[in-house]
Amino acid sequence: MTVATGKIDVPGIQGVILDIEGTICPISFVKDVLFPYALESLPGVLETSWDSPSFAPFRDAFPAEHRGSPSALLSHVKDLMAKDVKIAYLKSLQGHLWLTGYQSGALRCSLFPDVAPAIRQWHAQGKKILIYSSGSVAAQKLLLQYTTEAENGGDLREFIEGWYDTVNAGMKNEGSSYQKILEEERKKGVEINTDVWVFFSDNVKEVEAADKAGIKTVFTVRPGNAEVPDAELEKYNVAERFDNVNFV
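When you line the sequence shown up against our numbering, it's residues 1009 to 1256, in that order.
(1) Within a Cβ cutoff of 6 Å, which residues of the same chain sit near K1094, ignoring the five residues on either side of it in sequence?
(2) Where do the N-terminal and C-terminal ends of the beta strand (DSSP E) with A1177 fall, by residue?
(3) Apart from the five residues just before and just after A1046, which ones in its own chain have a Cβ nearer than 6 Å to its Cβ?
(4) Counting along the chain, where does the beta strand (DSSP E) carrying I1025 start and finish?
(5) I need the DSSP call for W1294, collapsed to helix, strand or coil.
(6) Starting from G1170, trace the alpha helix (DSSP H) both ways and give me its first and last residue.
(7) Expressed to the nearest angstrom, what Euclidean distance is found between the alpha-carbon atoms of M1179 and A1218?
(8) Which stretch, first to last residue, makes up the beta strand (DSSP E) that contains P1209?
(9) Going residue by residue through the stretch 1136 to 1174, where are the continuous beta strand (DSSP E) segments of at least 3 residues, counting only ones entirely within it?
(10) Assuming K1149 and W1171 make a contact with CB atoms under 8 Å, what is their CB distance in whole Å?
(11) What does the Cβ neighbour count give for P1197, buried or exposed, with the cut at 16 atoms within 10 Å?
(12) If you follow the beta strand (DSSP E) that K1224 is in, where does it begin and where does it stop?
(13) Within 10 angstroms of the Cβ of T1056, are there 16 or more other Cβ atoms? Answer buried if so, exposed if not.
(14) In whole angstroms, give me the CA-to-CA distance for W1205 and W1058.
(15) Within a Cβ cutoff of 7 Å, which residues of the same chain sit near H1074, ignoring the five residues on either side of it in sequence?
(16) Please go through the same chain and pick out, in chain order, the residues whose beta-carbon is closer than 6 Å to the beta-carbon of Y1140, but skip the five residues on each side of it.
(17) Step through the CB atoms of chain D and report whether any lies within less than 8 Å of the CB of R1116.
(18) So what does DSSP say about D1219, is it helix, strand or coil?
(19) With which residues is E1029 paired in a DSSP beta bridge?
(20) Which partner residues of N1245 appear in the DSSP bridge assignment?
(21) Measuring CB to CB, does E1169 end up less than 8 Å from L1138?
Written out as structure tokens, the structure reads:
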């Protein structure tokens, strides 16, 4: 894949929607840190909290055939994660497990170096910033709260004005999901036209879906991301860094 490293202009932008994995942080943080942590911590949680009221909502969200015992649930979780299945009840459980890791200091997310400065700059310019990820909203907030950024203890949540996942918005490869996000923002009084929003993602299908919904897009190329043929990206803006994008 040939990447244009110069500046690109995406004019008139008033709202920004950000993917997480492969866009604001390395895929390796999710694949090599978060996922293994969840799998490693789950057996202990199942042993100590199986019947606890605090764990019951996460357990009971699983299909009945997979929550008859701790071992059955553990086996199902391992199978889902091995297949990289993105389903709401798994994402909720993962977020619950990660909470302990973040709060203990075992987990901290290192964002790409251009991300936090860009988020702060966009916010200072009055742009609305939203997160839209396949990870649960709870997991999104943890990731942006516990970063390795020096300012404000690494917490960037104050700059994010909306959080969306596959539960409250829909699947990311469907144009209707992006339309729903903007509808939800309008309910909050955010009157911004569709064509002055921009969506950043490293996933071609997601970029295509947002584009079809009338939202401007930037395909993000980051270290560790999968290679994408040039032919699939010819009609899209492509950037390696957020500061390569001018909202003129």
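Backbone N, C-alpha and C fix where the C-beta goes; we use that ideal spot for every residue, glycine too.
Let's see:
(1) What you label residue 1094 is simply residue 86 of the sequence shown in a count that begins at 1. Only S1142 meet the Cβ criterion.
(2) Locating residue 1177 in the sequence shown gives position 169, counting from the first residue. Where A1177 is concerned, there is no enclosing beta strand (DSSP E), given that its DSSP letter is neither H nor E.
(3) Within the sequence shown, residue 1046 is the residue found at index 38, counting from 1. Contacts found: Q1102 and L1105.
(4) Looking up residue 1025 in the sequence shown gives position 17. Unbroken beta strand (DSSP E) run through I1025: G1023 to L1026.
(5) No answer is possible for residue 1294: it lies beyond the span of the chain, which begins at 1009 and ends at 1256.
(6) Residue mapping note: residue 1170 aligns to position 162 of the sequence shown, counting from 1. Premise fails: G1170 lies in the beta strand (DSSP E), G1170 to Y1172, not in any alpha helix (DSSP H).
(7) As a working mapping, residue 1179 is identified with position 171 in the sequence shown. As a working mapping, residue 1218 is identified with position 210 in the sequence shown. Answer to the nearest angstrom: the Cα atoms are 11 Å apart.
(8) As a position in the sequence shown, residue 1209 is number 201, starting the count at 1. The sequence as given places Ser at residue 1209; Pro does not occur at that position. From DSSP, the beta strand (DSSP E) with S1209 extends over W1205 to S1209.
(9) Restricting attention to beta strand (DSSP E) runs no shorter than 3 residues, the stretch 1136 to 1174 encloses them at 1136 to 1140 and 1170 to 1172, ordered along the chain.
(10) The residue you call residue 1149 lines up with position 141 of the sequence shown. The residue you call residue 1171 lines up with position 163 of the sequence shown. Your pair K1149 and W1171 checks out as a contact, with CB atoms roughly 6 Å apart and the cut at 8 Å.
(11) The sequence position of residue 1197 within the sequence shown is 189, counting from 1. Residue identity check: residue 1197 is Gly in the sequence provided, not Pro. Burial is judged here by how many other beta carbons sit within 10 angstroms of a residue's own beta carbon; G1197 has fewer than 16 and is exposed.
(12) Taking the sequence shown and counting its residues from 1, the one referred to as residue 1224 is at position 216. Bounds of the beta strand (DSSP E) holding K1224 are K1224 to T1228.
(13) Start at 1 with the first residue of the sequence shown, and residue 1056 comes out as number 48. When all chains shown are included, T1056 counts as exposed.
(14) Within the sequence shown, the letter at position 197 stands for residue 1205. Within the sequence shown, the letter at position 50 stands for residue 1058. Going from the Cα of W1205 to the Cα of W1058 covers about 44 Å.
(15) Residue mapping note: residue 1074 aligns to position 66 of the sequence shown, counting from 1. Excluding sequence neighbours, H1074 sits near A1080, L1081 and H1084.
(16) Walking along the sequence shown from the start, residue 1140 turns up at place 132. Result list for Y1140: I1025 and Y1172, in chain order.
(17) No chain D is part of this structure, which consists of one protein chain only.
(18) In the sequence shown, residue 1219 corresponds to position 211, counting from 1. If DSSP states are grouped into helix, strand and coil, D1219 belongs with the helices.
(19) Taking the sequence shown and counting its residues from 1, the one referred to as residue 1029 is at position 21. Answer is C1033.
(20) Taking the first residue of the sequence shown as 1, we reach residue 1245 at position 237. For N1245, which the question treats as bridged, DSSP gives the partners V1226.
(21) Along the sequence shown, read from residue 1 onward, the residue named residue 1169 stands at position 161. Along the sequence shown, read from residue 1 onward, the residue named residue 1138 stands at position 130. Taking 8 Å as the Cβ cut-off, E1169 and L1138 qualify as a contacting pair.
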